[in-house]
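Have a look at the structure below before the remarks.
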Amino acid sequence: MAGASVKVAVRVRPFNSREIGKESKCIIQMTGNTTTISHPKQAKDVKSFNFDYSYWSHTSPEDVNYASQMQVYKDIGEEMLLHAFEGYNVCIFAYGQTGAGKSYTMMGKQDVKDQQGIIPLLCEDLFRKISDNTDNSMSYSVEVSYMEIYCERVRDLLNPKNKGNLRVREHPLMGPYVEDLSKLAVTSYNDIQDLMDSGNKARTVAATNMNETSSRSHAVFNIIFTQKRHDAETDNTSEKVSKISLVDLAGSERADSTGAKGTRLKEGANINKSLTTLGKVISALAEMDSGPNKNKKKKKAESFIPYRDSVLTWLLRENLGGNSRTAMVAALSPADINYDETLSTLRYADRAKQIRCNAVINEDPNNRLVRELKDEVSRLKDLLYAQGLGDIIEMTNAMTGMSPSPSLSALSSRAGSIASLHDRIMFSPGSEEAIERLKETEKIIAELNETWEEKLRKTEAIRMEREALLAEMGVAMREDGGTVGVFSPKKTPHLVNLNEDPLMSECLLYYIKDGMTRVGRLDASKHQDIGLSGHFIQDEHCTFTSSTGPTGETVVLEPCEGAETYVNGKRVTEPTVLRSGNRIILGKSHVFRFNHPAQARAERERTPCAETPSEPVDWAFAQRELLEKQGIDMKQEMEQRLQELEDQYRREREEANNLLEQQRLDYESKLEALQKQVDRCHPEASEEDEEAEEEAVQWTERERELAEWSFRKWKGYQFTSLRDLLWGNAIFLKEANAISVELKKKVQFQFVLLTDTLYSPLPPDFLPPEATQDREKMHFPRTIVAVEVQDQKNGATHYWTLEKLRQRLDLMREMYDRAADVPNTATEECENAMTGGDPFYDRFPWFRLVGRAFVYLSNLLYPVPLVHRVAIVSEKGEVKGFLRVAVQAISGSLCFPPADEEAPDYGSGVRQSGTAKISFEDQQYERFQSESCSAGLSRTGISQEELRIVEGEGQNAEVGPSADEVNNNTAGTDELENPLKACLDGASEATLEHLRIGNVFTFRVTVLQASSISAEYADIFCQFNFIHRHDEAFSTEPLKNTGRGPPLGFYHVQNIAVEVTKSFVDYIKTQPVVFEVFGHYQKQPFLPLCKDVMSPLRPCRRQFPQVMPLSKPVPATKLKAMARPQAGPCHCKYDLMVFFEICELEATGEYIPAVVDHRGGMPCHGTFLLHQGLQRRVAVTIVHESGGDVEWRDVRELVVGRLRNTPEADETIMDPNILSLNILSAGYVKPLLDDRTFYRFEAAWDSSMHNSLLLNRVTPYGEKIYMTLSAYLEMENCTQPAVLTKDICMVFYSRDTKLSATRSIRNLFGTGSLRAADGNRVTGVYEVSLCYLADAGSPGMQRRRRRVLDTSVAYVRGEENLAGWRPRSDSLILDHQWELEKLSLLQDVEKTKHYLLLREKLESTLLMGQESLQCGTSEDLCESPKPCEVDQEASCSSEITTERQRELAAKCLRLLTHSFNREYSHVCVSASESKISEMSVTMLKDSPSTYALNTITPSSTCPSLVDGSYITADLRLPRPRPRADTQQEAAEAKAPVNGASDAKPATRRFVPDIQEIRVSPIVSKKGYLHFLEPNTNGWVKRFVTVRRPYVYIYNSERDTVERAILNLSSAQVEYSEDQQAMLKTPNTFAVCTEHRGILLQAANEKEMHDWLYAFNPLLAGTIRSKLSRRRAGQMKM
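In my numbering, the protein residues as written are 247 to 1923.
Here's what the structure looks like:
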């Protein structure tokens, strides 16, 4: 009965007055339990429903079929009351429309007899049954509560104080309940009747059109019925609690039928809401229970019961489908005017009868089990009594004591009849089983009735017994019951195991019990007390007999026959008495020590002073003892065995040496035979080599000077040696950093390059002795590899030599080994750091060098006072601040003008020092000059012939250096210095009267102010000295520096008196005074070691876009791996512009280029937006200038691979996804109106062949896919294919996604339009180089083929703690060259500033009419900075008349301007090319071909091209060469002369190399320019962006794809006012490359000068200087 359905009854009432007044008709018919409803307008529409009960109450009580209130109660109420007495929860609720008779059925009319409802009748019957109870062990208690739910609020009807809203809560066990709801105890029906009357009066009722006393709320009457039963036998009390819920629901209604308005309408809405929720709950429960069994679990999981949508359903949750027996009474209206409401009620009730409730009896499970067991005992006793065995039950009870007999004495008298009882049991069928069941049941009852205290006492007794037993066995227990460990028993003799592993010894204890203890194998036929396994263990090995005698307990060991048993190393065969400590060996591998606690204790008492044995008794002791007793000498056997092994090794080594010697002789004989064959086949080769060696090349003087200069220049390069030092010492640097991290020293080590320059002089201890000796022979400063030590604890930076690093590393290793013993406290660390005891730290000075500045003294020659503002430059080339210094002459035969006129107003804080006397010795100065010249400090001599110009440095500080200016950091700017030198050298003796030899000349150096010094330097002072006199320095007082406010005013005046010598005059002409600024450095945190970045040291003012790294080529799959031959001199270079397209198959069957997103803002970048699952093709177009050197033959292979989702690729891992594409077409194409060469090839790309998830899925948001593409191209006259590599960026969208080209804000407001197909490509800029095959035997090639092991990849201990840190390598060399170039430029800037300042001072002096100080006219100073040098160069250039001489000169210059790494080639213009250009211009000015400048052609616009400033084979003048080194060159020289057009020159084999150019992130200038090219008819407007060294040309500002490029490093920029006058086109200038000349026009003059500065800063500066001089001359006139 636990799973019964809800009982559903329907009851129809009589017509009310409203229905009678409307003459309604009855539409309800009942037959048995079937209820039928008829449609009032359609007679055939009849619906029938079956219920548990159908009550016909429409007629009067006289009708036979009339159902009265008592009948309804007897069918429903009595059944529910019976369930309540059984212990079930019970619920009865009435449902129906307003006025259908719900309240009448539930409550009735209490003042009229026979019309009381179910609730009163149930309560009355409840107390009648309680009073009729005669069982004294039963007791009852009744509690009632009465509440109403009005407008979703709960109100207590029995407590007048609880007028407010009561909260509904939910308990995990009790379920939903009403908080603070009063529960009143009642003892009789009268009490309930009184409470019911008071509650009914408090209910909310109102009159509606359908019912004059309509219930406007739900009423819930709860009865909590508790039954308690006391068991006298077990003294236990059990109880059952039943909850009787009697619910009178408010009537469902329609607003139009009830006429509800205002408050009534709101009440009706809330009533309908709760009843609708109740309907949903009933429907959901019916759905769960009505389905088939196979879908029952699924529907239960899917369905949701909305109990919480209404307070009513929440409180009735247990009654609806839960732990309750539920009955529902549906009240019906018989009138036809209520057809819809009645039909709805019938359907409601029909759904409710499908609900099943799982009711259980509410009692204690333990009590229920005891009750069921007692019923089982009673049944078994009845069964035994029925079989005549009742006396057995009484006897059993008397023996067990569970239920003693009233007369125990009678039990003994019946003892004699036990045998006869046994016989009776045997012959009674089932009696034995019944007795066993009876005993088992009574035992369970006894256990259940056992109290908690009895269980605790029983548990404690068992625990005490267990602890006593374990303590005797050697197992100790904690007080809380946990095991402490195993210890030796205090009384019982036992065996302890001994093992070769000390950790395994004494882990096993074998107890020897009283009597005999047997030892043997586990699988023996007889049980063994101690089981052992292994070889030499018998089934019954031995026995231990323990007996107690007068001397105490003794143990005797008796071995069995044939068993190996040893006691103290001696084998025993007879019974042996054991003593404590004896070693027992059973078999070969089981070693034990016998322990007898009593004997050991007695021996200690007898000899209390016994010494502890010197050697522990362990496994090794037992084995040695065994061997000694058996007479075996292990040492002698080991020595004998070792001697045998040595003899065997000696024999085998001799055999191997003989075999190797024989093989060597065989190979030598084969090589000699092969050499003889080669000599016989090629006897002429050696003769030709000898002839070639004998032939001597006659060089001119100019060629010899160029060759010597080139040799000295290349000899100064240290790339390979520096790289070898970096690679070879990287492992030491890694180890030092790893030890520093593990010891937490906060010291970081990194490689650094140091070069001896003016701004960064090297300490003497940093140069090795051999370097000091070779210093005089070096023409360029030496660069060394050092270690930068960043002390993060003290905020200091030191520099170590590599030798010092190795010495300190040895001390670091020692410290690391003893790190556990050294105390690691802050005090000791600080002490070690200060005293130098710690190898990680060095002593650091209080003041640290901020930077150096240089002040030239040339103004003392005239003399005029000058105030300099010089930059304070650090060793890294960073400007740390500025220093103002005044220099003036104060005595001598000629002092002009007075010093006070030019001296600034110092104020009252002037610090006047005395006059210092300095002596200039000619010998000392000459020695310094020789050293400085050899080290590159001097700017004179043939070693400094070249002029190096860094373009763009003045415009943008972020512009990087050029890598081809390597190791030329101190190369002077003669053009800036020589005008001053010419002027100074030209000074006559008359003008230097105040510097007459032997006179005492006094001048003043005043340190005025220091500004812009960082606040990290607290105390600032300055000292200065002559450049060759480091020991004599003049210092100022320290000043506090805050980094804010006015400049620091030193105002330190120092007078210096010098006896004039020749060296002093030369010094003030050429050398500066060195100013060094020092400051106390405040500690600043360094970057953590794990965040050490390898970024260049150049300063950055803004964050540039991230540049994708250049990947190595993807290995080819079809081509054989060929060793790359060594490349020699470069033959030619071409700039390539390559277009990459990915085409997708469209619905039209055509392959259309995929959309490219160019929002990155950088040229040559873009993201392909691809669709998933389409066929694709990869198209590559190579564009370059037309020429005969580059000719594409075929595409050998196109491979793609290295799929990843990050820009960087791990090229060390073998890529399994490399795919070779099928080449579909390849060949030259010819676009319209473009004379460049276009080579295009296409290949089919099936991305699914990669089997990569990155290509097969849609790319997640924010992620990009990267792939590397490599094309292997075959070229004419090349030894191997050239490789073109590009990294492709892609994003995959779904197949149906509509993609369009992205448009920026600038594009939205721009004008014009571009074809989408033109922008759907990604551009790449490359440089292809064709080099000659190198001479494999030259010393240079042998040196370059040297391979040095890169130790930075070797593992050192603790490397994983460095978090990816790596030592600096090749990039450090390039960064250092940039630093040196910057230092050189800063020095040149200071020189130029001094020269301009002095020239301005002298010009102002000339204007004042002081002619005595003139050393030349203004025209000489400005217009002709190098008059003698230009003439000399012109004369020297005129000597280079032959083609051979021109080729040699070009070859030397080309080697010097070779680009080592194009990544840094942003600002490079070859100095040598600039010089040749000037030479060529000079030659052209002197030649009669000046008129050729009037035509705008590549040859005429760029005369330097014609005269060889840009060296290529195609544009050389057709002059015959007088001699050739080889027959091939001779043939080439004779071909044009003889006119043999059909003679084919011998083909040369080149080594091709294609390198991708990294795009510079720095934009020098961008805007529109007008172009005029030779093949165009007029001016064309183009958008130009200058990213040095390339100029990118676009169709318009909106264009996202580069259309053409210009390489400024190989182009000539020219400007001529005569050209502008001839063409009548202002603001024009020309750019000439090797293959074409272009005339460009700017919008105005200012724009033109800006473009010139962006293209060629040197040319722009020259033009501006000429214009300024011209304007100054016009103003003078």
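C-beta: ideal position from N, C-alpha, C; glycine also. Since this is a predicted model, take the numbers as computed values, not measurements.
Am I right that alanine 532 and glutamine 473 are in contact with their C-beta atoms under 8 Å? What's the rounded C-beta distance? Here residue 532 refers to the residue found at position 286 of the sequence shown. Here residue 473 refers to the residue found at position 227 of the sequence shown. At roughly 33 Å, the Cβ-Cβ gap does not stay under 8 Å, so alanine 532 and glutamine 473 are not in contact.
Less than 7 Å between C-beta atoms, sequence neighbours within five positions excluded: which residues of the same chain meet that for arginine 597? Residue numbering aside, residue 597 sits at position 351 when the sequence shown is read from its first letter. Counting only Cβ-Cβ distances below 7 Å, and skipping sequence neighbours, we find Ile528, Ser529, Ala532.
Helix, strand or coil: how does DSSP classify cysteine 369 here? The residue given as residue 369 occupies position 123 in the sequence shown. Helix.
C-alpha gap between glutamate 851 and alanine 844, whole angstroms: Stepping through the sequence shown from its first residue, residue 851 is reached at position 605. Stepping through the sequence shown from its first residue, residue 844 is reached at position 598. When rounded, the distance between both Cα atoms is 11 Å.
Glycine 1907 by DSSP, collapsed to three states: which one? Residue mapping note: residue 1907 aligns to position 1661 of the sequence shown, counting from 1. Three-state result, glycine 1907: helix.
Return the bridge partner residues of alanine 1857 from the DSSP annotation. For the purposes of this step, residue 1857 is taken as residue 1611 along the sequence shown, with counting starting at 1. Paired residue(s): none; alanine 1857 is not in a bridge.
Determine which residues share a DSSP beta bridge with glycine 798 and list them. In the sequence shown, counting from the first residue as 1, residue 798 sits at position 552. Gly795.
Measuring CA to CA, which of Tyr312, Pro1007, Asp1037, Lys268 is closest to threonine 1029? In the sequence shown, the residue the question calls residue 1029 occupies position 783. With distances taken between Cα atoms, threonine 1029 lies closest to Pro1007.
With distances taken Cα to Cα, identify the nearest neighbour of aspartate 1403 among Leu1545, Glu918, Val1504. For the purposes of this step, residue 1403 is taken as residue 1157 along the sequence shown, with counting starting at 1. Answer by Cα proximity: Leu1545.
Look up asparagine 482 in the DSSP assignment and give the residues it is bridged to. By 1-based counting over the sequence shown, the position of residue 482 is 236. Per DSSP, Asp477.
Roughly how many angstroms lie between the CA atoms of glutamate 1605 and proline 1085, to the nearest whole one? Reading the sequence shown from its first residue, position 1359 is the one you call residue 1605. Reading the sequence shown from its first residue, position 839 is the one you call residue 1085. Those two C-alpha atoms are separated by around 20 Å.
Alpha helix (DSSP H) runs contained entirely in the region 1474-1546, provided each spans 4 or more residues: 1499-1502
Would you check if the region 1432-1439 and the region 1498-1517 touch, i.e. whether three or more CB-CB distances between them fall below 8 Å? no
Span of the beta strand (DSSP E), counted from its first residue to its last, around leucine 1937: For the chain, the structure presents residues 247 to 1923; residue 1937 sits outside this window and is missing.
Please name the residue, chosen from Arg1448, Gln1887, Glu1121, that lies closest to lysine 1827 on a Cα-to-Cα basis. Reading the sequence shown from its first residue, position 1581 is the one you call residue 1827. Considering only alpha carbons, the answer is Gln1887.
Find out if the Cβ-Cβ distance for the pair alanine 250, valine 575 is shorter than 9 Å. By one-based count along the sequence shown, residue 250 stands at place 4. By one-based count along the sequence shown, residue 575 stands at place 329. No, the Cβ-Cβ distance between alanine 250 and valine 575 is not below 9 Å.
Can you name the start and end residues of the alpha helix (DSSP H) that glutamine 600 belongs to? Locating residue 600 in the sequence shown gives position 354, counting from the first residue. Glutamine 600 -> no alpha helix (DSSP H), and no H or E assigned at all.
Quick one, are the C-beta atoms of isoleucine 1388 and alanine 1425 less than 9 Å apart? Indexing the sequence shown from 1 puts residue 1388 at position 1142. Indexing the sequence shown from 1 puts residue 1425 at position 1179. Yes, the Cβ-Cβ distance between isoleucine 1388 and alanine 1425 is below 9 Å.
Which partner residues does glutamine 876 have in the DSSP bridge list? In the sequence shown, residue 876 corresponds to position 630, counting from 1. None, per the DSSP bridge assignment.
Express the C-alpha separation of proline 307 and alanine 313 in angstroms, rounding to a whole number. As a working mapping, residue 313 is identified with position 67 in the sequence shown. As a working mapping, residue 307 is identified with position 61 in the sequence shown. So the two alpha carbons sit approximately 8 Å from each other.
Which value, in whole angstroms, describes the spacing of the CA atoms of proline 1903 and histidine 1044? By 1-based counting over the sequence shown, the position of residue 1903 is 1657. By 1-based counting over the sequence shown, the position of residue 1044 is 798. Cα-Cα distance, rounded: 39 Å.
Which runs of the beta strand (DSSP E) spanning at least 3 residues fall entirely within the region 1401-1448, listed in chain order? 1401-1403, 1413-1417, 1422-1430
Which value, in whole angstroms, describes the spacing of the CA atoms of arginine 767 and arginine 899? Within the sequence shown, numbered from 1, the residue matching residue 767 stands at position 521. Within the sequence shown, numbered from 1, the residue matching residue 899 stands at position 653. Rounded to the nearest angstrom, the two C-alpha atoms are 51 Å apart.
Rounded C-alpha distance that separates proline 422 from valine 390: Start at 1 with the first residue of the sequence shown, and residue 422 comes out as number 176. Start at 1 with the first residue of the sequence shown, and residue 390 comes out as number 144. Going from the Cα of proline 422 to the Cα of valine 390 covers about 17 Å.
Element boundaries [alpha helix (DSSP H), containing glutamate 1646]: Within the sequence shown, numbered from 1, the residue matching residue 1646 stands at position 1400. Start and end: 1616-1653.
Checking the sheet assignment: what are the DSSP bridge partners for lysine 1811? As a first step, residue 1811 is located in the sequence shown; it is residue number 1565 there, counting from the start. DSSP output for lysine 1811 lists Val1832 as bridge partner(s).
Roughly how many whole angstroms lie between the Cα atoms of lysine 1912 and valine 1599? The residue you call residue 1912 lines up with position 1666 of the sequence shown. The residue you call residue 1599 lines up with position 1353 of the sequence shown. Looking at the two C-alpha atoms, the distance is approximately 57 Å.
How would you label alanine 707, buried or exposed, when you count the other beta carbons within 10 angstroms and need 16 or more for buried? Locating residue 707 in the sequence shown gives position 461, where the first residue counts as 1. Its Cβ having fewer than 16 others within 10 Å, alanine 707 is exposed.
Would you mind stating whether aspartate 1002 and valine 1035 have Cβ atoms separated by less than 9 Å? As a first step, residue 1002 must be located in the sequence shown, where it is residue number 756. As a first step, residue 1035 must be located in the sequence shown, where it is residue number 789. Contact flag unset, no.
Spatial neighbours of glutamate 587 within its chain, please: CB distance less than 6 Å, with the 5 preceding and 5 following residues excluded, ordered by chain position. Translated into positions along the sequence shown, residue 587 becomes position 341. So the list reads Gln343, once near-sequence residues are dropped.
On the CB-based measure, 16 or more other CB atoms within 10 Å of its CB, does glutamine 909 come out buried or exposed? As a working mapping, residue 909 is identified with position 663 in the sequence shown. The residue in question, glutamine 909, is exposed, as its Cβ has fewer than 16 Cβ neighbours within 10 Å.
What's the call for glutamate 1197, buried or exposed, on a 16-neighbour Cβ count within 10 Å? Reading the sequence shown from its first residue, position 951 is the one you call residue 1197. For glutamate 1197, the predicted model reports a pLDDT of 31, less than 50, meaning its position is unreliable; a value from the coordinates is still stated below. Looking at its Cβ environment, which holds 16 or more other Cβ atoms inside 10 Å, glutamate 1197 is buried.
Cα-Cα separation, valine 837 to glutamate 981: Along the sequence shown, read from residue 1 onward, the residue named residue 837 stands at position 591. Along the sequence shown, read from residue 1 onward, the residue named residue 981 stands at position 735. Straight-line Cα distance between these residues: approximately 49 Å.
Contained beta strand (DSSP E) runs [length at least 3] in the region 305-391, N- to C-terminal order: 336-342
Excluding sequence positions up to five away, which residues of its chain have a Cβ less than 7 Å from the Cβ of lysine 1811? Position 1565 of the sequence shown, counted from the start, is the residue given in the question as residue 1811. Closer than 7 Å at Cβ, skipping near neighbours: Val1832, Asp1896, Trp1897, Ala1900.
At a cut of 8 Å, does the region 774-792 reach the region 754-763 through at least three beta carbon pairs? yes
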